[in-house]
Every structure is written in structure tokens, then in C-alpha cells.
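**Student:** The listed protein sequences correspond, in order, to chains A and B.
Under the UniProt record's numbering, the very last position in the first sequence is 340; numbers go up by exactly one each time.
Under the UniProt record's numbering, the very last position in the second sequence is 340; numbers go up by exactly one each time.
Number of protein chains: 2
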Amino acid sequence: MADVAAAAGVSAMTVSRALRRPDSVSAEVRARVEEASRRLGFVPSRVASALASARTMTVAVLIPSLTNAVFIDLLAGVQETLSPQGYQPMIGLTGYGPEEEERVLRMQLSHDPDGVILTGLDHTPGTWDLLRGLTVPVVHTMDLSVEGDLAAEGQDGGCGVQAVGFSQFDAGYAIGAHLAERGRRRIGLIAGQLDPRTRQRCDGWRQALRDAGRHDPALELMVPDATSVALGAELLERALAAHPDTDALFLCNDDLAQGALFQCARLGIPVPDRLAVAGFNDLAGSAWTLPPLTTVATPRRAIGVEAARLLIAGMEDRGPGRENPRRVDLGFRLMIRETT
Amino acid sequence: MADVAAAAGVSAMTVSRALRRPDSVSAEVRARVEEASRRLGFVPSRVASALASARTMTVAVLIPSLTNAVFIDLLAGVQETLSPQGYQPMIGLTGYGPEEEERVLRMQLSHDPDGVILTGLDHTPGTWDLLRGLTVPVVHTMDLSVEGDLAAEGQDGGCGVQAVGFSQFDAGYAIGAHLAERGRRRIGLIAGQLDPRTRQRCDGWRQALRDAGRHDPALELMVPDATSVALGAELLERALAAHPDTDALFLCNDDLAQGALFQCARLGIPVPDRLAVAGFNDLAGSAWTLPPLTTVATPRRAIGVEAARLLIAGMEDRGPGRENPRRVDLGFRLMIRETT
DNA sequence: CTGTTAGCGCATTCAT
DNA sequence: ATGAATGCGCTAACAG
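(1) Which runs of the beta strand (DSSP E) at least 3 residues long sit entirely within the stretch 59 to 120 of chain B? Give them in chain order.
(2) Considering only residues of the same chain and omitting the five flanking positions on each side of A/P116, which have a CB-CB separation below 6 Å?
(3) A/I187 and A/A248: beta carbons closer than 8 Å?
(4) Please compile the residues from chain A whose C-beta is within a distance smaller than 7 Å of the C-beta of B/H111.
(5) Mind checking whether A/L256 and A/G314 have CB atoms under 8 Å apart?
(6) Output needed for B/R309: all residues of its chain with C-beta closer than 7 Å, excluding positions within five of it in sequence on either side, in chain order.
(7) If you count every other CB in all the chains shown that lies within 10 Å of the CB of A/L267, and 16 or more means buried, which is it?
(8) For the candidate residues A/S228, A/L189 and A/D225, whose alpha-carbon lies nearest to that of A/L209?
(9) Need the endpoints of the beta strand (DSSP E) that residue 341 of chain A sits in, please.
(10) Smallest Cα separation from B/V136: which of B/M142, B/L109 and B/T294?
(11) To the nearest angstrom, how far is it from the Cα of B/L179 to the Cα of A/L144?
(12) So, is the C-beta of B/T56 closer than 8 Å to a C-beta in chain A?
(13) Name the DSSP bridge partner or partners of A/E220?
(14) If you follow the beta strand (DSSP E) that B/T246 is part of, which residue opens it and which one closes it?
(15) Please work out which residues of its chain come closer than 6 Å, Cβ to Cβ, to B/Q168, disregarding the five sequence neighbours upstream and downstream, and give them in chain order.
(16) Return the residues of the stretch 280 to 291 of chain B that lie within a Cβ-Cβ distance of less than 8 Å from chain A, sorted by chain order.
(17) Residues bridged to A/H215 by DSSP?
(18) Taking one C-beta from the stretch 45 to 52 of chain A and one from the stretch 3 to 13 of chain A each time, how about it: are there three or more such pairs within less than 8 Å?
(19) Taking three-plus beta-carbon pairs below 8 Å as touching, is the stretch 285 to 296 of chain B in contact with the stretch 325 to 335 of chain B?
(20) Would you identify the three-state DSSP class for A/L231, choosing helix, strand or coil?
(21) If you run the structure through DSSP and keep just helix, strand and coil, what is A/D329?
(22) Can you find the residues in the same chain that come closer than 6 Å, C-beta to C-beta, to B/P292, ignoring five residues on each side of it along the sequence?
(23) For A/V138, does the three-state DSSP call read helix, strand or coil?
(24) Return yes when the C-beta of A/V15 is under 7 Å from any heavy atom of the ligand MN, and no when it is not.
(25) Under three-state DSSP, which class holds A/L40?
(26) May I ask you to list, following chain order, the residues of the stretch 223 to 244 of chain A that have a beta carbon less than 9 Å from some beta carbon of chain B?
(27) Going along the chain, which residues of its own chain have a beta-carbon closer than 8 Å to the beta-carbon of B/L130, five neighbours each way excluded?
(28) Just to make sure I have the definition right: I need the residues of chain A whose C-beta is within less than 7 Å of the C-beta of B/G259. Which are they?
(29) Do A/T298 and A/D254 come within 8 Å of each other at the CB atom, strictly closer than that value?
(30) Closest to A/Y96 by CA distance: which of A/A76, A/A36, A/R301 and A/D225 is it?
(31) Can you give me the Cβ contacts of A/T340 inside the same chain, cut-off strictly under 6 Å, excluding the 5 residues immediately before and after it?
(32) Would you kindly report the start and end of the unbroken beta strand (DSSP E) that includes B/A163?
(33) Mind checking whether B/I63 and B/T119 have CB atoms under 8 Å apart?
(34) Give the DSSP-derived three-state secondary structure of B/M334 in the structure shown.
(35) Look at the alpha carbon of A/L19 and the alpha carbon of B/D211, and state the distance between them as a whole number of angstroms.
(36) Using a 10 Å radius around the Cβ and a threshold of 16 neighbouring Cβ atoms, would you call B/G9 buried or exposed?
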């Protein structure tokens, strides 16, 4: 920067200003600085800038995994919103574990991010401690649960928690109610990857069936494994073997549902005539299965975009306190297609 | 750090040492420092560390997009390898455009990464310039093409280029040869997302058909759009409408192939009896389609892991020059299933 | 094995 | 609108 300053015949400070806020210097000086800067191939050091200004222009983004398309979409929304503003997302992978999340968060915080985006509201007390100690904005995503909510408020010491997402419970309820409305009587559940959000969906589904007077716990098949097409195929077979009279199934993620659909075709089980099938998330391809899959479309990308927006708002205004607690519900859409 | 030093009764320098290389201080001092550090909740500032030591512990990772599972897998391999070593990947999205790649790279470089991982070998001259000017290791991935290779060597001024991947051309050739061996005579091609790697696959396929004396350019359907299940379904219909006698199809990515398979089922076209179908990449679900999809399994994750390993090797030894140019071919596997 | 000195490259704060 | 002085928090280099 000193070299550029010398070349432009100004002080280093003026170079710094000219490059960051061009209209804070005279037009003539600006031109000279820009020319010199370009000619010398000057690239400002963000590290030095960060140390001097206490702004790293990075944002910590913690998600459970890269193998679930849901979080990729979330990430894409975050990235496309932060990047144009000059912020660099730093990905942290928690592997669905609150303890690992705390560990990863600790690592990320050592980079002094200007903001933090987390998945879910289920964090360790240690994580809540860390978050409470931060002076930068924090946004939680994907989860808006009432229980988690209250717990969060409590944990966060009444300081308020920003969250963007939708009600997993309500979405699960919607699917359950839809299946019941279709006149199905033996409605089963297949779930994998039992994180809190999956559980809430299942809770919603269960409540809907109870409200319809058709809940049978025996028809619930829940396993801890990561969801996949292969697992869906396998679990469908297991579920039907155990309860051949099942006439509808809710699978907690579309990859499971797609696998189940393939397996139905293989086994010659007519869908939806003999078995109705519903998925969750409306993942790629779900509109094209045979028959097209009934599912719940979730606004993952939009959640990422909105979370990033809130964060930017909080990072821009360098006001004294943290901004107002806030909750953004982006809803969901029941996609009734042909498997139900 | 000064506070920790005071609490432990040592100098700040000793705290720094005790925390970074515990065995460089006496056991007693180490214990005192660790205790004080923990008690005060000290988290070293990486920004300051970076400025003082000229090592940011970050790595720039440039990929075309987050919507193609191939690059997610690559990214996962990179992340799982870098993260345990304390390196933080910084994702940059190029949108498949060399110009955008250069722009993004410039941004990333302002963060002073300790290493750079890129996708492909097709970069702008400006990008090559930037890379040549770096003193940190650079690894290119996914592409090992001879042409790109030579170009790269030229561009890089004989300095040598590190690349990890497989031969897209050979993989395409393998699929073409397989289809020909199966006795198919009217073998078509459907391709989207026409980046250099896709083109090389197509080139390989084309060469195989020529070698078999069965290449008909009329059966090639290439569109610039991003690949997807929906696009596969649509293009299958278009291809068959234009050339009803087609008896085999290579689709340049599995999502296209899965869509094509769905559409065949809808149109009542027996696979493989009337039409053989082959995909590429062996994406999730391809082993479960009806019938299971013949495709080429590509080592995306392994490429990410190996690229990160090479990078780490280069970053650890702070030797004078860049390490030896090197090329790592991780190969591919033809997965013959039932669609051919 | 430990401490001292100096400086990484900027931006904040104040002065002009 | 521009410049000078100062320090961000840590580590390299050297001394002891």
C-alpha cells in the first residue's frame, strides 16, 4: 500500500480510503490511486485489514453434513447472498452431533467471523455459552419449534434468538392429515437420520393420525442411519413384511421415498392403489418418479437467503446491542402428486 | 494472551509457544499456561496469528457450482482432509465460467490462502498469471486431459502443474466401446452442461464409436443447459422423436440418465431391450433405478482427498521452490448394470 | 528452555 | 479532503 501511495503521490491512508470508499476522496486523487493500484497489481491484505478494523468479512456457517441435499441448498442460499456483499462463508460440518458442533464452532470462532449461521436450535449448553458471549449476530435455521424455542430463550438468557425456518411439526402434521383424508387406515412411518427436525416431523405426523383416530405405533419404523435411496428400498420391504396390511407410508425424506417407490415397482406393489407413499423435502427428481411423488416442498434456499440477509443487517449496523430477536417462518407447501 | 501470560507467570511468547507446540516448553510451564488459558477462556486470534506468521490456515477451493453432486463430493473429500489439520476451506463458486473463476479467485486471494484447489485445467490467461505469481501450492482437479495438460504447461511457463483426476476422454471411450460391444448400432448421445470435462467425455465416446465404425453425428443432442432429471426426461423424448431407430443412448450425467429412464417407463419403451441407456458418474440412486443404470463410477471424493493431501504436503514443507510437478490419475470404473 | 525486540499491513482517530 | 501517529494481537528472530 505504501508503494501505491508513493506511485500516486499520496499517503497510504488516502490509498486505503480511495480503495474502500471511492467517494471519500477527490475525483483526481481517486483516479491516480486506482491507476497506480492497478499498475502495481496491488491486492489489499484482508488479514491486515481484519486485524486493524476488527472485521474479517467472514461468516461461520455450520451445517450437519454435505451429503444431504437439504443443507446444500441452504448453503447455496447463504453463499449467493453473502458473496456479493464481500462476505466469505466458512463451512463447518457438525455430523449431526451437538458436541461436534460445539467443537467446530470453537474452531470457527478462532477465525473471528463477523456472523454465525447455525442449523437447528438443539445446541449444547457450551454452545449457547459461546454464542451468548459473541458480539456478532447469530442466526439459527431450519427449525422454529415451540419447545426448542422456549428452551432456546431460556438458554440464551432472555437475550433473544434469531431463527429462520418453518415448522417441522406442522409440515409433518400436514402429511399425516393428507394421508388420513385420502381414506387410508393403516398409515405407517419410515424415518432415518433421527435429528431433532426429523423427530418433529414425525411428531406432527403422529399427532395428525391421532387426531384422525388412526395412529398405530407398531407401524413406525425408525432407524438412526443416514437416509438414502438404498435405505428407502430396504426399509420399505422390512415395513411391509412386518405389516402387510399397511396402506400408506410417510417417509421422512424424499431419498427414502424414492427408494421405496423403486422397490414397490420391483415387488409389483401398485402405488397408490395398494400403497400410498409420501416423502419430504421435494428433492430433485421427486416430480419425475413413477408415479410422481407426493411430498412437502421446503424452502431451504430461501431460508439460507433470509438468514444471510438478517445476518448482513446485523453486521452492517454496528450499533451497541444485538438487533431485536426475531423469528421468520418461511412456511412449506404440500405437493400432492400421484403417489397418494 | 498477555493476560494468560500474567496469570501463568510467564511471557506472552511462552504462552504462544505452549499453545502451538506444547513440547517446546517445559512440562511445568505448559501445565500452568494451559490452566490459565482454559480458566480465562482464551481463544487465540487467528487473524493476528496470520498477520504475524504469514499463514492464514485457509485454503481456497474453487468449484463450478453447488447444484452438481459431483462437486459436493469433491468438496467433502477436501473438507474432511483439510479440517483435521486445522485448515479452513473457503468455497468459491465459478458458475462454470473461466472469467467468473478469475474474478472469484482474485477475491479469494485477497484472503491470503495457504493453498488453492481449482476445478479443471481450463482457466483464463489472467488466472494462469495469478497462479504463477503465487508462492503457495496449487492443485487442479477432475481433469487430466492431454491437451489441457500441454496448454497448462505452456501457460504455466514450464513451472509445472499439479493435477488430480482421471481421464474424462478414456471414461467416455469406455462407455462408447461398451455400447458398441453390446451390439448396438444406432448409438446416440445426450449431453448438457457443456463444460470442458463433459466435452472430453463426449470426445471419448465419439472416438469409440468411430473405432467401431458406428458414429453418426446426427444422433448427438447437445444442449448448454444445466443437467437435471427433468432435462433428461425431456431430451430423451426429443432424441427419440428425431431418430426413432436409436437403440442406445449415452447421457453425460446420471441425473439425465435417471430422467431418461423415467421417461422410457412412461412411454413404454423397454430398457434395455429396445433402448440401452448409459449414464455417467454413478450418482446416488443410480444403482436402484429400474432397471439399475449402467454408468461410470468416478472417484470424486477420493480426488478431493488426494488434492488436499498434495496441498498439505506443499504447505507443510516451506521449502524454497514449489514441489515437483505431478499428476495423479485416480481412474474410473465402468459399472455395467442392467440398462445395457 | 525462556524472554526481548520488532514488525506483519492495514484502519482508527485525530489533526490539519 | 488529506495526512500523521498509533495500535490491532500475535509470532519471527535473536539473545540469553
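Virtual Cβ for every residue (Gly too), placed ideally from N, Cα, C.
**Tutor:** The relevant details are as follows:
(1) 88 to 93 and 115 to 119
(2) Residue mapping note: residue 116 of chain A aligns to position 116 of the first sequence, counting from 1. The sequence shown places Val at residue 116 of chain A, not Pro. Excluding sequence neighbours, A/V116 sits near A60 and V138.
(3) Stepping through the first sequence from its first residue, residue 187 of chain A is reached at position 187. Stepping through the first sequence from its first residue, residue 248 of chain A is reached at position 248. The answer is yes: Cβ separation under 8 Å.
(4) To locate residue 111 of chain B, count along the second sequence from 1; it is residue 111. Simply R46 and Q88.
(5) In the first sequence, residue 256 of chain A corresponds to position 256, counting from 1. In the first sequence, residue 314 of chain A corresponds to position 314, counting from 1. Against a cut-off of 8 Å, the Cβ pair of A/G314 and A/L256 comes out as no contact.
(6) In the second sequence, counting from the first residue as 1, residue 309 of chain B sits at position 309. Cβ neighbours of B/R309 beyond the five flanking positions: T81.
(7) Counting from one through the first sequence, the residue named residue 267 of chain A turns up at place 267. With fewer than 16 Cβ atoms within 10 Å of its Cβ, A/L267 is classed as exposed.
(8) Position 209 of the first sequence holds residue 209 of chain A. The option with the nearest alpha carbon to A/L209 is A/L189.
(9) Lying outside 1 to 340, the shown extent of chain A, residue 341 of chain A is not represented and no answer is given.
(10) For the purposes of this step, residue 136 of chain B is identified with residue 136 of the second sequence, where counting begins at 1. Ranking the options by Cα distance to B/V136, first place goes to B/L109.
(11) The residue given as residue 179 of chain B occupies position 179 in the second sequence. The residue given as residue 144 of chain A occupies position 144 in the first sequence. Straight-line Cα distance between these residues: approximately 51 Å.
(12) As a position in the second sequence, residue 56 of chain B is number 56, starting the count at 1. Yes, B/T56 lies at the interface with chain A (some Cβ there is under 8 Å from its Cβ).
(13) The count along the first sequence starts at 1 and reaches residue 220 of chain A at position 220. Paired residues: A/L189.
(14) Along the second sequence, one-based indexing puts residue 246 of chain B at 246. B/T246 -> no beta strand (DSSP E), and no H or E assigned at all.
(15) Locating residue 168 of chain B in the second sequence gives position 168, counting from the first residue. Same-chain partners within the cutoff: R197, Q200 and R201.
(16) A284, G285, A287, W288, T289 and L290
(17) Start at 1 with the first residue of the first sequence, and residue 215 of chain A comes out as number 215. None, per the DSSP bridge assignment.
(18) The answer is no - the stretch 3 to 13 of chain A does not touch the stretch 45 to 52 of chain A, with fewer than three Cβ pairs under 8 Å.
(19) yes
(20) Working through the first sequence from its first residue, we reach residue 231 of chain A at position 231. Residue state, collapsed to three classes: helix.
(21) Locating residue 329 of chain A in the first sequence gives position 329, where the first residue counts as 1. DSSP places A/D329 in strand when its eight states are reduced to three.
(22) Position 292 of the second sequence, counting from 1, holds the residue named residue 292 of chain B. Once the five neighbours on either side are set aside, the close Cβ partners of B/P292 are R337 and E338.
(23) To locate residue 138 of chain A, count along the first sequence from 1; it is residue 138. Under the three-state reduction of DSSP output, A/V138 falls in the strand class.
(24) Ligands are entirely absent from the displayed structure, and the ligand MN is therefore not among its contents.
(25) For the purposes of this step, residue 40 of chain A is identified with residue 40 of the first sequence, where counting begins at 1. Of the three classes helix, strand and coil, the one that applies to A/L40 here is coil, per DSSP.
(26) S228, V229, A230, G232 and A233
(27) Along the second sequence, read from residue 1 onward, the residue named residue 130 of chain B stands at position 130. Closer than 8 Å at the Cβ level, and outside the excluded window around B/L130, lie E102, L105, R106 and L109.
(28) Residue numbering aside, residue 259 of chain B sits at position 259 when the second sequence is read from its first letter. Simply W288.
(29) Numbered from its first residue, the first sequence carries residue 254 of chain A at position 254. Numbered from its first residue, the first sequence carries residue 298 of chain A at position 298. Against a cut-off of 8 Å, the Cβ pair of A/T298 and A/D254 comes out as no contact.
(30) For the purposes of this step, residue 96 of chain A is taken as the residue at position 96 of the first sequence. Closest by alpha carbon: A/D225.
(31) In the first sequence, counting from the first residue as 1, residue 340 of chain A sits at position 340. Excluding residues within five positions, the ones whose Cβ falls inside 6 Å are R182, P272, A276, A278 and T294.
(32) In the second sequence, counting from the first residue as 1, residue 163 of chain B sits at position 163. It spans Q162 to G165 - the beta strand (DSSP E) in which B/A163 sits, taken as one unbroken run.
(33) Counting from one through the second sequence, the residue named residue 63 of chain B turns up at place 63. Counting from one through the second sequence, the residue named residue 119 of chain B turns up at place 119. In this structure, B/T119 lies closer than 8 Å to B/I63 by Cβ.
(34) Indexing the second sequence from 1 puts residue 334 of chain B at position 334. Going by the sequence as given, residue 334 of chain B is Leu instead of Met. Strand.
(35) Mapped onto the first sequence, residue 19 of chain A falls at position 19. Mapped onto the second sequence, residue 211 of chain B falls at position 211. Spanning the two alpha carbons is a distance of roughly 58 Å.
(36) Translated into positions along the second sequence, residue 9 of chain B becomes position 9. Exposed, by the Cβ-count rule.
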